[in-house]
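Remarks on the structure that follows.
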Amino acid sequence: MTLTSAFDTLDADLFVRDGAGEAHLDLVVEDMHCAGCMQKIERALGSIPDVTRARCNLSTKRVAVSWKGNSTTGAAIITKLDQTGFTAVPFDSKMVAAIDATESTRLLRAMGVAGFAAANVMLLSVSVWSGFAGDMEPETRGFFHWLSALIALPAVAYAGQPFFRSAWKALRATSMNMDVPISLAVLLACAMSLVQTIQNADHVYFDASISLLFFLLIGRYLDVQTRAKACAVAQNLLALRAIAATLVEADGSTRSVHVSALEPGMIIAVAAGQRLPADGVIINGTSDIDTSLVTGESLPLTAGPDTQVFAGMLNLSGPLRIRVTAKDDASLLSEIVRLMEAAEQGRAGYVRLADRIARIYAPVVHILAAGTVLLWLLLGAGWQPSVMNAIAVLIITCPCALGLAVPVVQVVASGRLLKLGILVKTPDALERLADIDAIVFDKTGTLTLGRPELINGEDIADDQLALAAALARESRHPLARAVVSAADARSLSGNTNVESVSETPGFGLETSYQGSTIRLGNRRWTGTEETSASHGPELWLRVGDQAPLLFCFSDQLRPDAAVVLAHLTQDHDVTILSGDTQEATRSVAEKLHIDHWEAEKTPAEKIALIEKMQNEGHTVLMVGDGLNDAPALKAAHVSISPASAADISQTAADFVFQSKGLDAVAQAIQIAKQSRRLILQNFGMALGYNLIAVPLAMAGYVTPLIAAIAMSASSLTVTLNALRLGMKGDPKKWTR
Amino acid sequence: MDALIFLIPVALGLGLLGLGAFLWALKSGQYDDMEGAAERILFDEDTPSDN
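Keeping their order, the protein sequence lines are chains A and B. As numbered in numbering that gives the first Met the number 0, the first sequence has no gaps in its residue numbers, which increase by one up to the final residue, 735. As numbered in numbering that gives the first Met the number 0, the second sequence has no gaps in its residue numbers, which increase by one up to the final residue, 50.
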């Protein structure tokens, strides 16, 4: 659905919420790109009397408006923006609240505290280190150590919480993650330094523990921030398509309500060209219904009274009255939701790469530390120096660089994908995508564009197409739209002008032109014999008494589908899994030279097939858009859906791509594999540093200065290495 | 070394001042829209528009 058509069906005032004597409205303005746009929007809204606040957010492409009193309305605000040249779509405030802004704010606050403390402790530490070479008195040094403790201990207690909490959670579940060795090293470093300070000893590690937290918080904040941005874009996409329902009251009057306000038993009206806002049963009207987004079938279904219909289906031809049915009954949707929940549990066992490494790394480090104590005791050293050396081993092996190795790469990779219009929605999506060796594609709406296009254009003369397009321009029917775009492609628009076109829902369009009656519509409308078989969506054009002319339509492949699939089949097993008919699926599979394809699959069968593949040892990527694909998207190891997908599928998918082409899938896989390589390189480098530093620590040679140099150098190396991903240039385009 | 007695509190005080400013900016929503903030510098008005 285009922006403007979504706007037509939405009543902005449904989204206005009250608070503190003011009305608030959140809007999505997708075409806001620069300072100029922001200023135009804010000025236009500010010029409306009673508007108290209008603030653009360029990162999320949203505008927050507040006003006093009843003098203005949500609709008036959208109209004002429309006059200024911006299309605004109201945004559900519940979804605004759903964005987890608190996590990134909390990390940022912790980062600020850690940064302040790290800078000041380092200031004192550097003085102490230079004091060793100079003439610092032990009293001054002790004073500096106490000051460091005073700054570092509260800061660690505050800024370390994200790590301590995560580590505690892992330990309670008797598992291991990277935060366990991090927390342990930070806490032990603080404890040991405090003991050293009390004893007025030479070395304290306050600087190491706090600057470590500072580095790690930077990585973690960037990671959360990038994902929050991708989620905001994904939510905007859904908001842009939100449709209001037209509620029919008992007295026959209609009013527009928000979809969430619908209750079972309510009667709604759905005009031709609209998507169904809720599940229900038709009580009045006959129409063709495009079910492709729900079942994957490309041929429209003829529906009449008592037909069960589902949210997301597109009403093609006639107006319908639908009685809303409950969402929790035995509907297709509740079946989908049940399957999705079951499928999701299978995926919960995935352990992220960093945590897998931590499982090996942490025990090794702890054994080394224990070995150090034993070794020194055997060598005859007392308890205290032995324990001190063991703690030094733990501090030097604190996986600072390991903790940065993954987030920094992911931030760079997600940023690059975002530029390509690919949204990374789940934290471990990139890691899982790098694992795949098999890809399952849905057909309708994924390999194909999911909207009809004229296919017998060469049989139709220019003047006939121009005439058909002139009529079709008056309709919102998808087939009529397809005629118009075919005419536009041949630059025929405006050649023929017709007046007073009338539309008969369920049949077609009619006008008179140069003295004869012109009709564009279905067979009955144009008096075509019903005998000839239909091979898909079709329209007929009849001029006067001449024989009707056939317009055939079919759902076309995405422009680059063949090239992208040819590339993907080189390294992956590709399967097409469709809910559509055998014939339609075979024709697509043959065009794309894919040997494995399965048609007429229900959502449960799709899951079964994916699980079978995974049991055979494949790691499956599912690419799909329909409601019927949603459970399969959850069942697969990782999933991608186009931005045109059903809401549920888009929410279920790990990645969402906005481009018209399929090359986004190839690009995402390529970047995921590059990131995986960089992450492994980073791990390698971090371990390399440890190989050098650990023997020094065990031997008791590690001073705080050496620890600080080793940690900063390794963190810096992995960060710089991760940035290489951004310099690799644009991934290869798979379009011709 | 006597200078330390006032130099260190001054250094810490300045640091705390910076930390306070950061936390205030964070709380007042100045980190909500980093891209927008970067563009707003191009606005013509010298004073922030008070819509």
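Quick reminder that beta carbons are idealized off the backbone N, C-alpha and C, glycines included.
Contact check, residue i vs residue j under 8 Å by CB: the rounded distance?
| i | j | result |
| --- | --- | --- |
| Leu-123(A) | Ser-147(A) | 5 Å |
| Leu-679(A) | Asn-720(A) | Going by Cβ atoms, the distance from Leu-679(A) to Asn-720(A) rounds to 11 Å, so no, they are not a contact pair. |
| Ala-11(A) | Leu-401(A) | Their Cβ separation, rounded to whole angstroms, is 50 Å, which puts Ala-11(A) and Leu-401(A) out of contact at 8 Å. |
| Leu-13(A) | Ala-268(A) | Actually they are not in contact, since the Cβ atoms of Leu-13(A) and Ala-268(A) sit about 17 Å apart, beyond 8 Å. |
| Leu-453(A) | Ile-517(A) | Actually they are not in contact, since the Cβ atoms of Leu-453(A) and Ile-517(A) sit about 18 Å apart, beyond 8 Å. |
| Pro-451(A) | Asp-554(A) | 6 Å |
| Ile-609(A) | Ala-634(A) | 5 Å |
| Val-62(A) | Ala-238(A) | Not confirmed; about 12 Å, so no contact. |
| Asp-441(A) | Asp-628(A) | 5 Å |
| Gly-543(A) | Leu-292(A) | Not really, about 38 Å apart at Cβ, beyond 8 Å. |
| Pro-161(A) | Ala-200(A) | Actually they are not in contact, since the Cβ atoms of Pro-161(A) and Ala-200(A) sit about 31 Å apart, beyond 8 Å. |
Going along the chain, which residues of its own chain have a beta-carbon closer than 8 Å to the beta-carbon of residue i, five neighbours each way excluded?
| i | result |
| --- | --- |
| Ala-302(A) | Ile-281, Thr-285, Ser-286, Asp-287, Ile-288, Val-308, Leu-319 |
| Val-717(A) | Ala-400, Leu-403, Ala-404, Val-407, Asn-681, Met-684, Ala-685 |
Cutting at 6 Å between CB atoms, please list the residues of its own chain near residue i, excluding the five before and the five after it.
| i | result |
| --- | --- |
| Leu-2(A) | Legend: pLDDT at Leu-2(A) = 37, less than 50; position of this residue unreliable, no value from coordinates given. |
| Asn-283(A) | Arg-320 |
| Gly-12(B) | none |
| Pro-547(A) | Thr-525, Thr-527, Trp-539, Arg-541 |
| Met-121(A) | Asp-206 |
Give me the DSSP bridge partner(s) of residue i.
| i | result |
| --- | --- |
| Val-223(A) | None; Val-223(A) has no bridge partner. |
| Val-619(A) | Ala-437(A) |
| Lys-168(A) | Looking at the DSSP assignment, Lys-168(A) forms no beta bridge with any residue, so it has no partner. |
| Trp-539(A) | Gly-520(A), Leu-549(A) |
| Arg-351(A) | Answer is none; Arg-351(A) lacks a bridge partner. |
| Leu-508(A) | Glu-502(A), Leu-519(A) |
| Glu-430(A) | Per DSSP, none; premise fails for Glu-430(A). |
| His-595(A) | Thr-574(A) |
| Glu-21(A) | Gly-18(A), Lys-67(A) |
| Pro-89(A) | Leu-26(A) |
For the alpha helix (DSSP H) that contains residue i, what are its first and last residues?
| i | result |
| --- | --- |
| Met-612(A) | 602-614 |
| Phe-142(A) | 137-158 |
| Asn-689(A) | 662-697 |
| Met-58(B) | Not covered by the structure: residue 58(B). The range shown for chain B is 0 to 50. |
| Leu-16(B) | 3-26 |
| Ile-77(A) | 73-83 |
| Arg-42(A) | 34-45 |
| Ser-291(A) | 291-294 |
| Val-323(A) | Segment 319-323 is the beta strand (DSSP E) holding Val-323(A); no alpha helix (DSSP H) there. |
So the candidates are the options; which of them puts its Cα closest to the Cα of residue i?
| i | options | result |
| --- | --- | --- |
| Ser-511(A) | Asn-521(A), Thr-495(A), Gly-279(A) | Thr-495(A) |
| Leu-193(A) | Val-155(A), Thr-225(A), Asn-119(A) | Val-155(A) |
| Pro-8(B) | Pro-48(A), Ile-150(A), Thr-101(A) | Ile-150(A) |
| Asn-614(A) | Leu-221(A), Ala-629(A), His-636(A) | His-636(A) |
| Ala-22(A) | Val-28(A), Glu-41(A), Gly-73(A), Cys-36(A) | Gly-73(A) |
| Ala-116(A) | Val-664(A), Ala-158(A), Ala-353(A), Gly-317(A) | Ala-158(A) |
| Gln-545(A) | Cys-55(A), Ser-713(A), Ser-515(A), Gly-520(A) | Ser-515(A) |
| Ala-706(A) | Ala-391(A), Leu-236(A), Arg-431(A), Leu-313(A) | Ala-391(A) |
| Ala-762(A) | Gln-82(A), Ala-34(A), Ser-490(A), Leu-24(A) | Past the boundaries of the shown model lies residue 762(A); chain A is included only from 0 to 735, so the question cannot be answered. |
| Ser-58(A) | Ala-34(A), Gly-114(A), Trp-66(A), Lys-79(A) | Ala-34(A) |
| Thr-447(A) | Ala-227(A), Ser-643(A), Val-27(A) | Ser-643(A) |
| Gln-29(B) | Ile-77(A), Leu-107(A), Met-175(A), Gly-130(A) | Leu-107(A) |
| Asp-458(A) | Cys-551(A), Asn-314(A), Val-364(A), Leu-576(A) | Cys-551(A) |
| His-365(A) | Arg-351(A), Pro-398(A), Glu-340(A), Leu-377(A) | Pro-398(A) |
Sorted by chain position, which residues of the same chain lie with C-beta nearer than 7 Å to residue i's C-beta, five sequence neighbours on each side aside?
| i | result |
| --- | --- |
| Ser-474(A) | Glu-502, Leu-508 |
| Gly-660(A) | Arg-557, Pro-558, Asp-559, Thr-734 |
| Val-372(A) | Ser-385, Val-386, Ala-389 |
| Leu-564(A) | Val-573, Leu-591, Ile-593 |
| Asp-32(B) | none |
| His-202(A) | Gln-195, Thr-702, Pro-703 |
| Met-612(A) | Ala-437, Val-619 |
| Leu-416(A) | Val-423, Ala-667, Ile-670 |
| Leu-221(A) | Pro-406, Val-410 |
| Leu-519(A) | Ala-467, Leu-470, Ala-471, Gly-507, Leu-508, Leu-538, Leu-540 |
| Arg-523(A) | Phe-506 |
What are the start and end residues of the beta strand (DSSP E) that includes residue i?
| i | result |
| --- | --- |
| Pro-398(A) | It is not in any beta strand (DSSP E) - Pro-398(A) carries neither H nor E in the DSSP assignment. |
| Leu-448(A) | 447-453 |
| Pro-641(A) | 637-641 |
| Val-247(A) | 244-247 |
| Arg-254(A) | 253-256 |
| Ala-51(A) | At residue 51(A) the sequence reads Thr, which differs from the Ala that was named. Where Thr-51(A) is concerned, the enclosing beta strand (DSSP E) stretches over 50-56. |
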